[in-house]
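In this note's numbering, the protein residues as written are 830 to 1046. Just so it is clear, CB atoms sit at the ideal spot from N, CA and C, and this is done for glycine as well. In this text, all values refer to a predicted model and were calculated from it rather than measured experimentally. Notes for the one structure printed next.
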Ligand SMILES: N[C@@H](CCC(=O)N[C@@H](CS)C(=O)NCC(=O)O)C(=O)O
């Protein structure tokens, strides 16, 4: 049964990047449909798939799964060999905690620095609330790398759902030239070098749509 991911614009849709990068990196086959957001008819197109009215959405046979973290959990369970969650219970619990923290939080950063992959390393003044979000995320990345760095270059050692959840933040830190320490910087470089990252970014670069609200000075 073919999986199908319904996504927003690759340049701007931070939530869509999460399941896409995990599935592509893990080699899970899927079809995709990009719905350009906030264009005439976009909302109706999304609502045809899910009454929640948001992307991403995963179609798996008769199942419709919405919410990026729920989609990631579903594919991790469906494809256990991909080890999108690590086998070790303690590492998995830590990964779930930092992923849930990301899913539920960091609103100040998300609002002030919306994802815009075409924006390359251009500084934006941060408010105190945004700087607090940045410091907490950097603390999470540094601690993860300290705890699990011996097992690989990702947050939990090997690539996991936690990396997918933080991928849009990597993009934001890079786009808005947000300074971080050496460990966080090395982690960002690891993520941005991934073939899946490169593929997504290249596709976003050639999209014709412009979302003015995400184009900030
Ligand atoms: N919590 C949701 C958030 C999804 C979300 O806000 N998606 C945005 C795009 S990144 C969207 O669909 N916006 C279109 C709209 O609100 O009409 C998730 O994790 O999937």
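field: Which residues DSSP lists as bridging residue 893, in chain order
entry: Paired residue(s): 888.
- prompt: Does the count of Cβ pairs from the region 964-974 and the region 1023-1040 closer than 8 Å reach three?
  reply: No contact exists between the region 964-974 and the region 1023-1040.
query: Does ligand 1 have even one heavy atom less than 7 Å from the beta-carbon of residue 873?
result: Answer for residue 873: no, Cβ out of range of ligand 1.
- request: Measure the alpha-carbon distance for residue 865 versus residue 994 and round it to whole angstroms.
  value: When rounded, the distance between both Cα atoms is 21 Å.
- prompt: Are the beta-carbon atoms belonging to residue 931 and residue 1004 less than 8 Å from one another?
  reply: One thing to note: residue 931 has its Cβ no nearer than 8 Å to the Cβ of residue 1004.
query: What do you get for residue 839, buried or exposed, if any count of 16 or more other CB atoms within 10 angstroms of its CB means buried?
result: By the neighbour-count rule (16 or more Cβ atoms within 10 Å), residue 839 is buried.
query: Which ranges would you report for the alpha helix (DSSP H) in the region 863-887 if only whole runs of at least 4 residues count?
result: Counting only runs of 4 or more, we get 871-878.
message: Rounded to whole angstroms, what is the Cα-Cα separation between residue 857 and residue 907?
response: Rounded to whole angstroms, residue 857 to residue 907 spans 10 Å at the Cα level.
- prompt: Below 8 Å between beta carbons: does that hold for residue 848 and residue 897?
  reply: For residue 848 and residue 897, yes; Cβs fall inside 8 Å.
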